[in-house]
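To start, the structure itself, in structure tokens.
Chains as they are written, first to last, in our numbering: chain A, 1 to 160; chain B, 1001 to 1425.
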């Protein structure tokens, strides 16, 4: 098997793809958004419970998609719990850079937001395999676009 | 008549006397792109249903046309424009003959089948359909034969009725007949499904629709590449297809319509070429087919389409169909050996398009992994989301076989699918 395929479909991704965590609809969610990838028609819904001080207390999702999009959504719901909304935004920027290989400027405020999140960022690096598969980047980022839309109070997100 | 057309016809008549074996390698040699590696592996191109590759006969025709005969058409009293006009109108005649239409003026060149259907919806639909009138489509339609009718529904208040498909992807003819009634004004059905390969009983559909007093449109995008089509034998009112799926250029398509309908329909777009005379007070329309071809048309693309038609008729649509039938049966049999693979669509009347799903992997993951083996298949909803919903799948992987595909390529597909199982199994 080719190295690029091995890098893309690592054990952790296959595991999250087959056994997604937090694949549920929490009754007490107070934010939700629908995500849509028009290229493939994949759709998912992200549910968040955000406290009054802006902390993500619970994160979950529903929907179906390819191994990459499901694994990315699953890992995202685990990573987000306990983070502030601002940290969630910052982690999305990190994920985006990991998937595209593009650096989007480490400004000072983002640096502060990410302080202490090294483990979370390390976990996301496993998605770097999509860099070799440009058409699959949207699969990896769909859940995150949707999460950001939910936090920002929008109802829908698309990868376009 | 072009030289290639006459030689093709000569070759055809020779074959009629002594049918020769379908020499797929000879035809493959006409498609340079098939011999270029993909991702370091021999290309196995199984996505002709999305768009077919182009033979040298088409690309060389485009090149020589631009280099020797090109000018705008239907104006300029100079030699080049005369030659370009003759080639463009010659292409129309080639299409007429290919479709078995009675008159060249019944052939309208468009950008593609999508524009052809939109043209019918915008002109025939707007003028002749009223609130409460019914348009019958099927669950198998491509979005291009759904959305234009929904837009017309928004505007005119028509009703859309949908013929269901069976569990094997077959067209449920009895249910279709049950939908016909006094309010049915148009039946717009795909001649062949781009997802499941199902071939519709077009002639029966047309007869039943006419008996109910409705007009009939067939979306021939897929069928036109897989079988001989004769619009007068089908007795359809409208037939549409795109050039690029028929081994021709992009940006060119065809609307066939019966002359009396085209005469009754208002023009589609206004502009140059479609008028008889213009004053600020009153403009009169040009006769057919110019009435529906406003602006400078896709001249070279039309000439290229004619070259593609000469190419496939030179081989013979019957022979192509037989070759593809063999590939369909062989690939179906081989795919059945892949553990956890399910073919979606097994209608008795089916051409060489195979949609499938694996129990262990999503179609996008399948397509990504196959691609690394040089195997190009389509994954997604194939612009047929209602059909995905019907079969309760988010997407399918689709392998489609054209005149240049081989049994060995079906084997390569099956082998590459084993890599998917290796990763996901």
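Where is the CB? At the ideal position from N, CA and C, for every residue including glycine.
Beta-carbon of residue 4(A) versus every beta-carbon of chain B: anything under 8 angstroms?
Cβ-Cβ to chain B under 8 angstroms: yes for residue 4(A).
Decide if residue 1078(B) is buried, meaning its Cβ has at least 16 other Cβ atoms within 10 Å, or exposed.
Within 10 angstroms of the beta-carbon of residue 1078(B) lie fewer than 16 other beta-carbons, which makes it exposed.
Can you give the beta carbon distance from residue 1193(B) to residue 1246(B), rounded, assuming they're within the 8 angstroms contact cut?
Between residue 1246(B) and residue 1193(B) the Cβ distance is about 17 angstroms, and since that is not below 8 angstroms, they are no contact.
Under a three-way DSSP split, which group does residue 1192(B) fall into?
The DSSP-derived three-state label of residue 1192(B) is strand.
Cβ neighbours of residue 1004(B) in the same chain (closer than 6 angstroms, five flanking residues each side left out):
With a pLDDT of only 49 at residue 1004(B), under the threshold of 50, the placement of this residue in the model should not be trusted, and no figure is reported.
Please determine, among 1264(B), 1366(B), 1149(B), 1207(B), the residue with the shortest C-alpha to C-alpha distance to residue 1159(B).
Ranking the options by Cα distance to residue 1159(B), first place goes to 1149(B).
Within the segment 1328-1393 of chain B, note down every full alpha helix (DSSP H) run reaching 4 residues or more, in order along the chain.
Counting only runs of 4 or more, we get 1363-1371, 1385-1390.
Neighbour flag for residue 21(A) against chain B, beta carbons, 8 angstroms:
Closer than 8 angstroms: no.
Extract the residue ranges of the alpha helix (DSSP H) inside the segment 1205-1245 of chain B, only unbroken runs of 4 or more that lie entirely within it.
Here the runs fully enclosed are 1223-1226, 1231-1234.
Please list, in chain order, the chain A residues whose beta carbon lies closer than 8 angstroms to that of residue 1372(B).
Correct list: 2, 4, 5.
If we ignore side chains and look at the alpha-carbon of each, how far apart do residue 6(A) and residue 1348(B) end up?
Their Cα atoms are separated by approximately 40 angstroms.
Under the three-state reduction of DSSP, which class applies to residue 1396(B): helix, strand or coil?
Reduced to three states, the DSSP call for residue 1396(B) is strand.
Does DSSP put residue 1310(B) in a helix, a strand or coil?
Helix at residue 1310(B).
Just reading off the alpha helix (DSSP H) that residue 1117(B) is part of, what are its end residues?
Here the alpha helix (DSSP H) through residue 1117(B) covers 1113-1120.
Would you tell me roughly how many angstroms separate the C-alpha atoms of residue 1402(B) and residue 1324(B), rounded to the nearest one?
The straight-line gap from Cα to Cα measures roughly 7 angstroms.
To be precise: take each residue of the segment 64-78 of chain A, compare its Cβ to all Cβ atoms of chain B, and keep it if any distance is under 9 angstroms. Which residues remain?
For the segment 64-78 of chain A, which is checked against every Cβ of chain B, the residues closer than 9 angstroms are 64, 65, 66, 67, 68, 69, 70.
Would you please state the rounded distance, in angstroms, between the beta carbons of residue 1188(B) and residue 1137(B)? I believe it to be under 8 angstroms.
About 5 angstroms separates the two Cβ atoms, so the contact holds.
Top-ranked residue by Cα proximity to residue 1152(B), from 1173(B), 1123(B), 1168(B)
Comparing Cα-Cα distances from residue 1152(B) to each of 1173(B), 1123(B), 1168(B), the minimum goes to 1123(B).
Which value, in whole angstroms, describes the spacing of the CA atoms of residue 43(A) and residue 102(A)?
One C-alpha to the other measures close to 26 angstroms.
Going by DSSP, what residue range makes up the beta strand (DSSP E) through residue 63(A)?
Residue 63(A) -> beta strand (DSSP E) spans 56-64.
Tell me whether the beta-carbon of residue 1298(B) lies closer than 8 angstroms to the beta-carbon of residue 1252(B).
Result yes, Cβ atoms of residue 1298(B) and residue 1252(B) sit closer than 8 angstroms.
How should residue 1225(B) be labelled, buried or exposed, when 16 other C-beta atoms within 10 angstroms of its C-beta is the threshold for buried?
Residue 1225(B) comes out buried.
Going by beta carbon distance, what residues of the same chain come within less than 6 angstroms of residue 1244(B), once the five residues before and after it are set aside?
So the list reads 1051, 1250, once near-sequence residues are dropped.
From this set, 1055(B), 1038(B), 1039(B), 1048(B), which residue's C-alpha is nearest residue 1025(B)'s C-alpha?
Selected option, being the one with the closest Cα: 1055(B).
When DSSP builds the beta bridges, which residues end up paired with residue 1186(B)?
Beta-bridge pairing links residue 1186(B) to 1135(B), 1215(B).
Quick one: does residue 1309(B) have its CB under 8 angstroms from some CB of chain A?
No - not a single Cβ of chain A is within 8 angstroms of the one on residue 1309(B).
Could you check whether the Cβ of residue 1388(B) sits closer than 8 angstroms to any Cβ belonging to chain A?
Judged by the 8 angstroms Cβ criterion, residue 1388(B) is in contact with chain A.
Since residue 1047(B) sits in a beta bridge, which residues does DSSP pair it with?
The partner list for residue 1047(B) (beta bridge, DSSP) reads 1400(B).
What residues in the segment 120-131 of chain A bring their beta carbon closer than 9 angstroms to a beta carbon of chain B?
Listed by position along the chain: nothing, the set is empty.
Roughly how many angstroms separate the alpha carbons of residue 1407(B) and residue 1327(B), rounded to a whole number?
It is roughly 6 angstroms from the alpha-carbon of residue 1407(B) to the alpha-carbon of residue 1327(B).
Report yes or no: do the segment 1334-1345 of chain B and the segment 1194-1214 of chain B share at least 3 C-beta pairs separated by less than 8 angstroms?
The segment 1334-1345 of chain B vs the segment 1194-1214 of chain B: in contact.
Are residue 78(A) and residue 21(A) close, meaning C-beta to C-beta below 8 angstroms?
In terms of Cβ geometry, residue 78(A) and residue 21(A) form a close pair [threshold 8 angstroms].
Look at the Cβ atom of residue 88(A), then the Cβ atom of residue 147(A), and state whether they are nearer than 8 angstroms.
Using a Cβ distance threshold of 8 angstroms, residue 88(A) and residue 147(A) count as a contacting pair.
Could you please give the first and the last residue of the uninterrupted beta strand (DSSP E) stretch that includes residue 1159(B)?
Going by DSSP, residue 1159(B) is part of the beta strand (DSSP E) stretching over 1159-1163.
Coil, strand or helix - residue 48(A) by DSSP
DSSP places residue 48(A) in strand when its eight states are reduced to three.
Return the chain-ordered list of same chain residues with a C-beta closer than 6 angstroms to the C-beta of residue 1002(B), the five sequence neighbours on each side being excluded.
Confidence in residue 1002(B) is poor, its pLDDT being 45 and thus under 50, which makes the residue's placement unreliable; the coordinate value appears in the next sentence. Contacts found: none.
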